[in-house]
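Encoded structure:
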C-alpha cells in the first residue's frame, strides 16, 4: 500500500513545478512532468532516435537522467519552502532494453528525512500500448536548507 505523506510546504506543488520549468536538461531532452503528489512523481520521455545507443534503445544515460529527475522531484515535494534538492547517490539496475515509444519513471519516497531522503524509482517502457519494466533506481537525496 502506498505511503501517505504530508508536505512541509503548503505551496509544494507550485515550487516543484517551477523548479522543473527551470531545468534546462529536461527541456533539451523533452522530459514531461505528468503526475506529482506528495512523495510521488511521474515523468515521461517520448522516444527520440538521437537519444539512443548503437542498438536503437534509449541510452542508459537517458534512463538514469529520467529516473534521477523523477526521484528527485518525488523527494522535493516533501522538503520545506526555500530548500533545494540534490542527489547524493543512486544505483540503477537495467533489467531490459529501453525499447519502445515512451519511457516512464515513477519516483516514490521510501523514507523522508530532515537532511537525507531515500527514494525508489521504477522505470518502464510503453511500447504499442503495453508497459514493460525496464529498470529500477534507489536514490539518496540531500535537502539543502534555505540560508
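Numbering (the UniProt record's numbering), first residue to last: 1 to 147. No residue lacks a Cβ here, since even glycine has one placed at the ideal position from N, Cα and C.
Tell me whether residue i is buried or exposed, calling it buried when 16 or more other Cβ atoms sit within 10 Å of its Cβ.
i           : result
residue 85  : buried
residue 93  : exposed
residue 56  : exposed
residue 144 : exposed
residue 4   : exposed
residue 100 : buried
residue 160 : Not covered by the structure: residue 160. The range shown for the chain is 1 to 147.
residue 128 : exposed
residue 130 : exposed
residue 112 : buried
residue 119 : buried
residue 125 : buried
residue 95  : exposed
So, for residue i: in the same chain, excluding its five sequence neighbours on each side, which residues have a beta-carbon less than 8 Å away from its beta-carbon?
i           : result
residue 30  : 45, 46, 48
residue 146 : 80, 81, 82, 83
With a cut-off of 8 Å, does the C-beta of residue i fall near any C-beta of chain B?
i          : result
residue 62 : Looking for chain B here will not work: only one protein chain is present.
Who are residue i's beta bridge partners in DSSP?
i           : result
residue 107 : 41, 121
residue 88  : Paired residues: none, contrary to the question.
residue 132 : 125
Between the options, which lies nearest to residue i when the distance is taken from Cα to Cα?
i           : options           : result
residue 64  : 130, 105, 15, 146 : 105
residue 54  : 79, 40, 15, 97    : 97
residue 117 : 124, 37, 109      : 109
residue 15  : 126, 111, 74      : 74
residue 13  : 115, 138, 133, 37 : 37
residue 121 : 23, 78, 41, 79    : 41
Tell me which residues share the same chain as residue i and place their Cβ nearer than 7 Å to its Cβ, disregarding the 5 neighbours each side in the sequence.
i          : result
residue 43 : 31, 32, 33, 34, 66, 69, 70, 105
residue 52 : 58, 59
Indicate, with yes or no, if the ligand ADP has a heavy atom lying under 7 Å from the CB of residue i.
i          : result
residue 98 : Looking at this structure, you won't find the ligand ADP or any other ligand, since it has none at all.
Once the 5 residues before and after residue i are set aside, which same chain residues still bring their CB inside 6 Å of it?
i           : result
residue 142 : 86, 88
Please give the ranges of any beta strand (DSSP E) in the region 14 to 59, keeping only runs that are unbroken, at least 3 residues long and fully inside the region.
32 to 37, 40 to 46
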